[in-house]
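I have placed the structure first, in the form of structure tokens, so that the comments after it can refer back to it.
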Amino acid sequence: METIMREADTVSEALKRFGSPLFLYSERQLEDDYARIRSALPEQVGLYYSMKANPNPSICKMIHQYGSPIEVASIGEYHRAVSIGVPAEQIVFTGPGKSREEIHACIEGGIFCINAESLQELRVIQEEAARLGKKVPVTLRINLMTTRQGSRMASVGIPTQFGIDEEQLDDAVEYVIGQSELKLIGLHTYQGTQNFHLDYYRESIPRMFAWIRRLKEVHALPLTTVGLGGGFGVPYFRGDDPFPIDDFGQLLSEEISKNEDLCLPHIFVESGRYITSRMGNYVTRVLYTKQSHGKKFVIVDGGTHHRAFSSVMGRSFKTPLPNRYMLHDSEHEIMEEPAESTNGFVPAQIVGKLCTPTDVIQSSVLLPENITMGDAILFPNSGAYGLSCGNMHFLSHTLPKEIWVAKNGALHDISWL
Ligand SMILES: Cc1ncc(COP(=O)(O)O)c(C=O)c1O
1 METIMREADT VSEALKRFGS PLFLYSERQL EDDYARIRSA LPEQVGLYYS MKANPNPSIC
61 KMIHQYGSPI EVASIGEYHR AVSIGVPAEQ IVFTGPGKSR EEIHACIEGG IFCINAESLQ
121 ELRVIQEEAA RLGKKVPVTL RINLMTTRQG SRMASVGIPT QFGIDEEQLD DAVEYVIGQS
181 ELKLIGLHTY QGTQNFHLDY YRESIPRMFA WIRRLKEVHA LPLTTVGLGG GFGVPYFRGD
241 DPFPIDDFGQ LLSEEISKNE DLCLPHIFVE SGRYITSRMG NYVTRVLYTK QSHGKKFVIV
301 DGGTHHRAFS SVMGRSFKTP LPNRYMLHDS EHEIMEEPAE STNGFVPAQI VGKLCTPTDV
361 IQSSVLLPEN ITMGDAILFP NSGAYGLSCG NMHFLSHTLP KEIWVAKNGA LHDISWL
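Letter 176 of the sequence shown, counting from 1, is numbered 176 in UniProt numbering, and no numbers are missing.
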């Protein structure tokens, strides 16, 4: 109760000082979640932070200071990483659509490696390296033909723009070997986000090591690096089980032991959502409530332009983890949405302020029946794929502030957009 009371005070103060809507990021939660994943992984396994999940420079800096190198998906992310003090040798660049200019800039900057996703991209990397008179480390991203896809948004084992199909890998390797400007240092795979089961990794990890073994044997390549992906799931809906991160760590450790003879000094996984999702609350205030054809609507001062998560793949129509409410007349108390309908709560739809019927944050939730103008609704799990992932400029609405709640309770405005 004491923690809840203190949190309510923090939320009230943040709303008073910074207005609404806003993102509140908890240092304590970030630290806990980072420690959770880090301690589950074998010590020698690197944990890259996938900046796309939350590119706020202060957040990225914090995670880098915890010990993570950075995985970027654009030259903008690359420059941001460098600007917050990440050495170029601790950055990998992944993504199927890297432009020539992006490739040129990161080679010039001395990036650790480019994770190439197609034969044509390899040619562009080679040409830009030649232009700069440099030799570039590359890894090849593989579209593994696993029988299990694992992720709810799979990008392996299917026709996809991501990575190089296994049947084309030999051609890609032959090409790289023939280019003096390219240095093949290893392989990479990434299967998609929101993966909750180990089955996929039980197949993908041995398969990646088998590929490394084969390339070492056939081509006598001095490979050093293997990126085993990530996409570790975070429960967002009722009924979601947490990702078994300890079992994953155990599996990884066993597979590494079996493949010790490969002498790979650089084995890594990457994560964005698992590290940053839980630290964030998206806090909105109720603008209006109304009834339409027997249904209750609550219109808040935010929307899916800030919380893109809600608007894709029919998510707003699933049953989310409980929201939390802070009513005007009890500003020092946060109440949690009940699991089942109960006295004092009514079914309602929470929508945002965009002029589109698709701006549904949650289609079916239980709201306090006395909720009214000015009351606050807190959406949990909003630290990842929030603001920067949304259609934030649609209708030119004011951007929400991003507020860092330090462990000592101090609030800092770390907005950057
Ligand atoms: C190549 C790559 N790595 C890492 C990630 C981050 O995934 P997550 O946020 O699920 O950890 C993504 C997400 O799209 C990705 O495409």
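Cβ coordinates follow ideal geometry from the N, Cα and C atoms, glycine included.
* Just curious, the alpha helix (DSSP H) that aspartate 241 is in, first and last residue? -> If you look at aspartate 241, you'll find it isn't in any alpha helix (DSSP H); DSSP assigns it neither H nor E.
* To do: Report the residue from Leu140, Val156 and Asp170 whose alpha carbon sits nearest the alpha carbon of isoleucine 185.
  => Among Leu140, Val156 and Asp170, the Cα nearest to that of isoleucine 185 belongs to Leu140.
* With burial defined as no fewer than 16 other Cβ atoms inside 10 Å of the residue's Cβ, what is the status of asparagine 259: buried or exposed? -> Burial call: buried.
* CB of glutamine 168 within 8 Å of CB of glutamine 126, strictly -> Going by C-beta atoms, glutamine 168 is not nearer than 8 Å to glutamine 126.
* Asked: Any chance the region 320 to 338 sits against the region 346 to 366, with 3 or more Cβ pairs inside 8 Å?
  -> The answer is yes - the region 346 to 366 touches the region 320 to 338, with three or more Cβ pairs under 8 Å.
* To do: Decide if histidine 305 is buried, meaning its Cβ has at least 16 other Cβ atoms within 10 Å, or exposed.
  => Looking at its Cβ environment, which holds 16 or more other Cβ atoms inside 10 Å, histidine 305 is buried.
* To do: Could you spell out the range, first to last residue, of the alpha helix (DSSP H) harbouring methionine 62?
  => Methionine 62 -> alpha helix (DSSP H) spans 57 to 66.
* To do: List the endpoints of the continuous beta strand (DSSP E) containing leucine 287.
  => In this chain, the beta strand (DSSP E) harbouring leucine 287 covers 280 to 292.
* Closer than 5 Å is what we want: which residues have a beta carbon that near any heavy atom of ligand 1? List them in chain order. => This criterion selects Ser50, Ala53, Thr94, Tyr190, Thr193, Gly230, Gly231, Glu270, Ser271, Gly272 and Arg273.
* Roughly how many angstroms lie between the CA atoms of glutamine 90 and tyrosine 48, to the nearest whole one? -> Taking the straight line joining both Cα atoms gives about 9 Å.
* To do: To the nearest angstrom, report how far apart threonine 10 and aspartate 32 are at their CA atoms.
  => Roughly 19 Å between the two C-alpha positions.
* Asked: Hey, out of Arg307, Asn408 and Gln191, whose CA is closest to lysine 353's CA?
  -> Looking at the Cα atoms, Arg307 is the closest of the given residues.
* Asked: Which residues in the same chain as serine 26 place their Cβ atom closer than 6 Å to its Cβ, once the five residues preceding and following it in sequence are excluded?
  -> Closer than 6 Å at the Cβ level, and outside the excluded window around serine 26, lie Met279 and Val405.
* **Exposure of phenylalanine 237, with buried meaning 16 or more beta-carbon neighbours within 10 Å** => Here phenylalanine 237 is exposed, its C-beta having fewer than 16 other C-beta atoms within 10 Å.
* Asked: How many Å lie between tyrosine 78 and glycine 344 at the Cα?
  -> Between tyrosine 78 and glycine 344, the alpha-carbon positions lie close to 50 Å from each other.
* Would you grab the beta carbon distance between valine 136 and leucine 182 for me? Rounded to a whole angstrom, and I think it's under 8 Å. => The Cβ separation is near 6 Å, so the contact holds.
* Residue span of the beta strand (DSSP E) that contains threonine 358, given as start and end -> That residue, threonine 358, is in no beta strand (DSSP E); it is neither H nor E in DSSP.
* **CB contact flag (aspartate 246, alanine 40, <8 Å)** => It is a contact, given that the beta carbons lie within the stated cut-off.
* For arginine 17, I'd like the list of residues in its chain whose CB is within less than 7 Å of its CB, leaving aside the five on either flank, ordered along the chain. => If you ignore the 5 residues before and after arginine 17, its C-beta comes within less than 7 Å of the C-beta of Leu411, all in its own chain and listed in chain order.
* To do: Please classify isoleucine 142: is it buried, with 16 or more other beta-carbons within 10 angstroms of its beta-carbon, or exposed?
  => Under this definition isoleucine 142 is a buried residue.
* Asked: Taking contact to mean at least 3 C-beta pairs separated by less than 8 Å, is the region 268 to 277 in contact with the region 45 to 63?
  -> The region 268 to 277 vs the region 45 to 63: in contact.
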